[in-house]
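Asks:
Structure below.
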């Protein structure tokens, strides 16, 4: 692990902010590091207000999109809401379809089959629309590169409205409207919305046009918050406002589908991390193991008994997904060793029998082991399909762009992408991708980095300090949970390895010359026991966490790494 201490902000700014807000210097430092330099900015940060959301009509084509939908509703046209099969796509379809059903009954939903249709807009989906006299398709979380498909739909008399957040290609589909903040000609002030976020801006615009109250849209924010967490978009600006209020909906008045998922979970209050690790994998499991429409049905169901039944099915899909991705990860790691590719700059593995629904998870697991840009391929029809994952600081989308002569199609983000290619191109692609990564990656990026916000002493960790830190949430990219470093630590003598195979490190620490004592837990750090044994002095990087035991709540240090 590389520990990188973030630069200290200007002390004059920090002192002024500490005074204005009535907080300690460490808190003011953390705020300044996040670009919050004034009382007003701090107020917006700690109390995210829905009134601060941007006017949806600032987005290119928004007025055209709203007018086309209004026309469709007025003329009783059939509208199809189409979305990708992952969390962002299925939440988008649930959001858009349930909102539009309050305005017209003529709404159909469509999620492509991961195995027979693949990612994005499909000819099969357009044919389904044509066969069912659907004249308008609203595509969410996909479509920005679907130039041929949109043209095909136009030939059949079907209009398209695209709501996407992926990077456009060289040209944009000739749809009625293309809503994508990443369009070069779009001046929308916030560029980091997820697909469900773009969908929300569209319903916000329709609601405004129809003179509806903004409160009408609050119940949809649980879906937006879930998509923001699952799609790993920055939790800054508008996303922070949407995630903050969406989490509140999940905790106070969750939709029936979420209630059913959470029925087994013993938690009083969910954080965005809980949403990412409890709700999102279950929604995703439907599209991975069976069909994404199962997730949409659960998220739009209003009857409790039916929702519980749907949640039970999805729980089974998730259990199957876990078993499958574990088995494939073992096979993929064996393949890397057999091919003696442990020292390469990239990981590219392939087996025709691997389950297409879990290759993205397997790619993430491989980056945890070897920490480098990773692609996991499997057979998909006549072609090969892959999921790509990257390491912090390396743009895998750009790397794929440099290999495009070997790729049939690809799309995605800086850190995650998907692609298909001809089987005959696999070895050529693999060689080219390794070459591109080895020539362009900064070698330091191949060692995991822990970004440390500040060095502090243990006696600075007070209940008030922790209370304020909790208000920095929701955490995520762009606003990660603060990480601290403390030196001159020793174990008070209770240090031990815990867990089934003693994989975790548990100890109680104090700092030289300071009275404060804290419990410390390091998951997966059992091998570092030697560093703390026999009262050795060490330094640690950690975040702060709450530990509840026998009804007592205390602050504990959640260890990320330790060294002498």
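Residue numbers (the UniProt record's numbering): 1 to 564.
Glycine included, each C-beta is placed from N, C-alpha and C at the ideal position.
The structure presented is a predicted model; accordingly, all values stated were derived computationally and were not measured.
#1: Which same chain residues end up closer than 7 Å to residue 222 when comparing Cβ atoms and leaving out the 5 residues on each side of it in sequence?
#2: Threshold first: 3 residues or longer. Then list the beta strand (DSSP E) segments lying entirely within the UniProt domain "DDH" (78-228), N to C.
#3: Nearest CA to the CA of residue 566: which residue from 281, 344 and 303?
#4: In terms of residue numbering, what span does the beta strand (DSSP E) encompassing residue 416 cover?
#5: Under the assumption that residue 226 contacts residue 275 (Cβ atoms under 8 Å), give the Cβ distance between them as a whole number of angstroms.
#6: Does residue 164 pass the burial test, meaning 16 or more other C-beta atoms within 10 Å, or should it be called exposed?
#7: For the beta strand (DSSP E) containing residue 528, name the first residue and the last one.
#8: How is residue 30 classed by DSSP in three states: helix, strand or coil?
#9: List the DSSP bridge partners of residue 485.
#10: Could you say which of 83, 95, 103 and 92 lies nearest to residue 73 if we only look at CA atoms?
#11: Do you know offhand how far residue 344's Cα is from residue 99's?
#12: Straight-line CA distance for residue 95 to residue 37?
#13: Name the residue from 494, 548 and 557 whose alpha carbon lies nearest to the alpha carbon of residue 267.
#14: Which term fits residue 563, buried or exposed, when burial requires 16 or more other beta carbons within 10 angstroms of its beta carbon?
#15: Of all the options 2, 160, 365 and 42, which has the alpha carbon lying nearest to the alpha carbon of residue 14?
#16: How is residue 346 classed by DSSP in three states: helix, strand or coil?
#17: Under three-state DSSP, which class holds residue 508?
#18: In three-state terms, what does DSSP make of residue 608?
#19: Give me the residue from 215, 189 and 525 with the minimum Cα distance to residue 503.
#20: Quick check: what's the CA-CA separation for residue 340 versus residue 317?
#21: Helix or strand or just coil, what does DSSP make of residue 563?
#22: Can you check DSSP and say which residues form a bridge with residue 378?
#23: Could you tell me the alpha carbon to alpha carbon distance between residue 356 and residue 121, rounded to whole angstroms?
#24: Using CA coordinates, which residue listed in 315, 417 and 320 is at the minimum distance from residue 364?
#25: Rank 154, 169, 143 and 148 by C-alpha distance to the C-alpha of residue 162 and give the top, closest one.
#26: Let's see if you can read the secondary structure: which residues bound the beta strand (DSSP E) around residue 412?
#27: Among the candidates 211, 228, 209 and 204, whose CA atom is the shortest distance from the CA of residue 217?
#28: Could you tell me the distance, in whole angstroms, from the CA atom of residue 373 to the CA atom of residue 394?
#29: By how many angstroms is the C-alpha of residue 487 removed from the C-alpha of residue 413?
#30: Taking C-alpha atoms, which residue in 169, 458, 533 and 200 lies nearest to residue 397?
#31: Let me know the secondary structure DSSP gives residue 36 once reduced to three states.
#32: Go through its chain and collect everything with a Cβ distance to residue 388's Cβ below 6 Å, but skip five positions before and after it.
#33: Excluding the 5 residues preceding and the 5 following residue 596 in the sequence, name in chain order all residues of the same chain whose CB lies nearer than 7 Å to its CB.
#34: So, with DSSP's three-state summary, where would you put residue 312?
#35: Buried or exposed: where does residue 500 fall if 16 or more other Cβ atoms within 10 Å of its Cβ makes it buried?
#36: Along the chain, where does the beta strand (DSSP E) containing residue 517 start, and where does it finish?
Replies: Looking at the coordinates:
#1: Taking the chain shown and counting its residues from 1, the one referred to as residue 222 is at position 222. Correct list, in chain order: 246, 249, 250, 254, 255 and 258.
#2: 78-83, 107-110, 134-140, 159-163 and 177-179
#3: Outside the displayed span of the chain (1 to 564) sits residue 566, for which this structure offers no information.
#4: As a working note, residue 416 is residue 416 in the chain shown. Residues 416-422.
#5: Sequence index remark: in the chain shown, residue 226 carries index 226 (1-based). Sequence index remark: in the chain shown, residue 275 carries index 275 (1-based). That belief holds up - the Cβ atoms of residue 226 and residue 275 are roughly 5 Å apart, short of 8 Å.
#6: Translated into positions along the chain shown, residue 164 becomes position 164. Burial call: buried.
#7: Your numbering for residue 528 matches position 528 in the chain shown. It is not in any beta strand (DSSP E) - residue 528 carries neither H nor E in the DSSP assignment.
#8: Taking the chain shown and counting its residues from 1, the one referred to as residue 30 is at position 30. It is helical.
#9: One-based indexing of the chain shown puts residue 485 at position 485. Per DSSP, 455 and 541.
#10: Start at 1 with the first residue of the chain shown, and residue 73 comes out as number 73. The shortest Cα separation from residue 73 among 83, 95, 103 and 92 belongs to 103.
#11: Residue 344 sits at position 344 when you count from the first residue of the chain shown. Residue 99 sits at position 99 when you count from the first residue of the chain shown. Answer to the nearest angstrom: the Cα atoms are 49 Å apart.
#12: The residue you call residue 95 lines up with position 95 of the chain shown. The residue you call residue 37 lines up with position 37 of the chain shown. One C-alpha to the other measures close to 36 Å.
#13: Translated into the one-based positions of the chain shown, residue 267 becomes position 267. Looking at the Cα atoms, 548 is the closest of the given residues.
#14: Translated into positions along the chain shown, residue 563 becomes position 563. Exposed is the call here.
#15: By 1-based counting over the chain shown, the position of residue 14 is 14. The shortest C-alpha separation from residue 14 is found at 42.
#16: As a position in the chain shown, residue 346 is number 346, starting the count at 1. If DSSP states are grouped into helix, strand and coil, residue 346 belongs with coil.
#17: What you label residue 508 is simply residue 508 of the chain shown in a count that begins at 1. Strand at residue 508.
#18: Lying outside 1 to 564, the shown extent of the chain, residue 608 is not represented and no answer is given.
#19: For the purposes of this step, residue 503 is taken as residue 503 along the chain shown, with counting starting at 1. Comparing Cα-Cα distances from residue 503 to each of 215, 189 and 525, the minimum goes to 525.
#20: Counting from one through the chain shown, the residue named residue 340 turns up at place 340. Counting from one through the chain shown, the residue named residue 317 turns up at place 317. Computed Cα separation, rounded: 34 Å.
#21: In the chain shown, counting from the first residue as 1, residue 563 sits at position 563. It is a strand residue.
#22: Taking the first residue of the chain shown as 1, we reach residue 378 at position 378. 385.
#23: On the chain shown, residue 356 is found 356 positions in, with the first residue counted as 1. On the chain shown, residue 121 is found 121 positions in, with the first residue counted as 1. Cα to Cα, residue 356 sits roughly 18 Å from residue 121.
#24: Residue mapping note: residue 364 aligns to position 364 of the chain shown, counting from 1. Of the candidates 315, 417 and 320, the one whose C-alpha sits nearest the C-alpha of residue 364 is 417.
#25: Walking along the chain shown from the start, residue 162 turns up at place 162. Looking at the Cα atoms, 143 is the closest of the given residues.
#26: By one-based count along the chain shown, residue 412 stands at place 412. 409-412 is the span of the beta strand (DSSP E), which, as asked, contains residue 412.
#27: Along the chain shown, one-based indexing puts residue 217 at 217. Here the closest residue by C-alpha is 204.
#28: The count along the chain shown starts at 1 and reaches residue 373 at position 373. The count along the chain shown starts at 1 and reaches residue 394 at position 394. Distance between the alpha carbons of residue 373 and residue 394 is about 8 Å.
#29: As a working note, residue 413 is residue 413 in the chain shown. As a working note, residue 487 is residue 487 in the chain shown. Roughly 38 Å separates the two Cα atoms.
#30: The residue given as residue 397 occupies position 397 in the chain shown. It is 169.
#31: Locating residue 36 in the chain shown gives position 36, where the first residue counts as 1. Residue 36 falls in the coil class under three-state DSSP.
#32: By one-based count along the chain shown, residue 388 stands at place 388. Counting only Cβ-Cβ distances below 6 Å, and skipping sequence neighbours, we find 375, 396 and 417.
#33: Examination of residue 596 is not possible in this model, given that the chain is present from 1 through 564 alone.
#34: In the chain shown, the residue the question calls residue 312 occupies position 312. The answer is helix: DSSP assigns residue 312 an H, G or I state.
#35: The sequence position of residue 500 within the chain shown is 500, counting from 1. Answer is exposed; the Cβ neighbour count stays below 16.
#36: Translated into positions along the chain shown, residue 517 becomes position 517. Note, residue 517: beta strand (DSSP E), 517-522.
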